[in-house]
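In this note's numbering, the protein residues as written are 515 to 700. This report refers to the structure that appears directly beneath it.
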């Protein structure tokens, strides 16, 4: 039993080391990556409105975009964004059975701050489109990028980013925060 545990731990260390090497080997001439916090747990950076802050996440796998889509999302944003939205919901929402044998199922949300933020931004952009305050192409590009970030953030350490989202007072400020994130395609 101890040998099996040792082998599994060694495998985990090798895989995590390979991932760290991939990230380190990326060309970072134009990308500045800030760590979420220092060793004392305090925020590393105090941001000002004119500072550029960049987060780095791995881009979602676009081969998984074959999920069934909701008609209401497709009618507003089109099929491609509706597929991203379906993937976003499938990775954030999961079912849980509270008690064994109980037929009731409870829906749970992973990383609720990011989930609610993206849902709120989608509703906000939809309202802006109705008021004709923004163009369809601009809003579509914006929501597509935000959905990609949401999908990528599910598998990353995003605690610091979630704290930053909590500090934002309006949807425009949240959108500006999402615009500072860089996605890496692997």
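Think of the CB as a built atom: it goes at the ideal place given N, C-alpha and C, for glycine as much as any other residue.
Beta strand (DSSP E) segment containing residue i, residue limits
i, result
"residue 607", "607-610"
"residue 613", "No beta strand (DSSP E) contains residue 613, which DSSP labels as neither H nor E."
Backbone secondary structure at residue i - three-state DSSP
i, result
"residue 657", "helix"
"residue 556", "Any reading at residue 556 must be qualified, since the residue scores a pLDDT of 35, below 50, and its modelled position is unreliable; the value itself is stated next. DSSP places residue 556 in coil when its eight states are reduced to three."
"residue 624", "coil"
Pairwise C-alpha distance: residue j and residue i
i, j, result
"residue 644", "residue 615", "46 Å"
"residue 648", "residue 640", "10 Å"
"residue 693", "residue 622", "27 Å"
Burial state of residue i, where buried means 16 or more other Cβ atoms lie within 10 Å
i, result
"residue 606", "buried"
"residue 608", "exposed"
"residue 690", "exposed"
"residue 611", "exposed"
Extent of the continuous alpha helix (DSSP H) run through residue i
i, result
"residue 668", "Looking at the DSSP string, residue 668 is not in any alpha helix (DSSP H), and its letter there is neither H nor E."
"residue 587", "585-591"
"residue 618", "Where residue 618 is concerned, there is no enclosing alpha helix (DSSP H), given that its DSSP letter is neither H nor E."
Worksheet item: Do three or more CB pairs link the segment 617-626 to the segment 587-602 at distances below 8 Å?
Response: no
Worksheet item: Contact between the segment 588-596 and the segment 620-633: three or more CB pairs below 8 Å?
Response: no
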